[in-house]
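Peer 1:
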Amino acid sequence: MDQISHSKLSDVILDECSSNKVSLETELSETLYNKMKDFVLSNPTWDQYKLINSALATFLVQNGCTDENVSEIYLNQLFTPSKSF
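Read left to right, the sequence shown gives residues 0 to 84 (numbering that gives the first Met the number 0).
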């Protein structure tokens, strides 16, 4: 979790299904940062990159995105078991 700086998230892979990668830097509220950190620490199969990919894919699909790569990320995370936080 050291890779996540307080209130910033950098080097997020937006499309884990292809070789094209884009880095993203954004500010997060302290609450979101702490909840993301807690989730990642308590779920060893997840990391901050997978969490952000999942969140973005879910948002995009729920808002009408029909891209196959985004749908694949969304569907993969639906069927990945994890504890809820």
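Using N, Cα and C, we set each Cβ at its ideal position, and we do this for glycine too.
So, with DSSP's three-state summary, where would you put GLU71?
Peer 2: Of the three classes helix, strand and coil, the one that applies to GLU71 here is helix, per DSSP.
Peer 1: If we ignore side chains and look at the alpha-carbon of each, how far apart do THR25 and THR57 end up?
Peer 2: So the alpha carbons of these two residues sit roughly 18 Å apart.
Peer 1: Considering only C-alpha positions, which residue in the set ASN33, ASN62, TYR48, SER28 is nearest to VAL21?
Peer 2: If we check each option's Cα against that of VAL21, TYR48 comes out closest.
Peer 1: Tell me which residues share the same chain as SER70 and place their Cβ nearer than 7 Å to its Cβ, disregarding the 5 neighbours each side in the sequence.
Peer 2: The answer, listed in chain order, is VAL60.
Peer 1: Using DSSP with H/G/I as helix, E/B as strand and the rest coil, what is GLU118?
Peer 2: No answer is possible for residue 118: it lies beyond the span of the chain, which begins at 0 and ends at 84.
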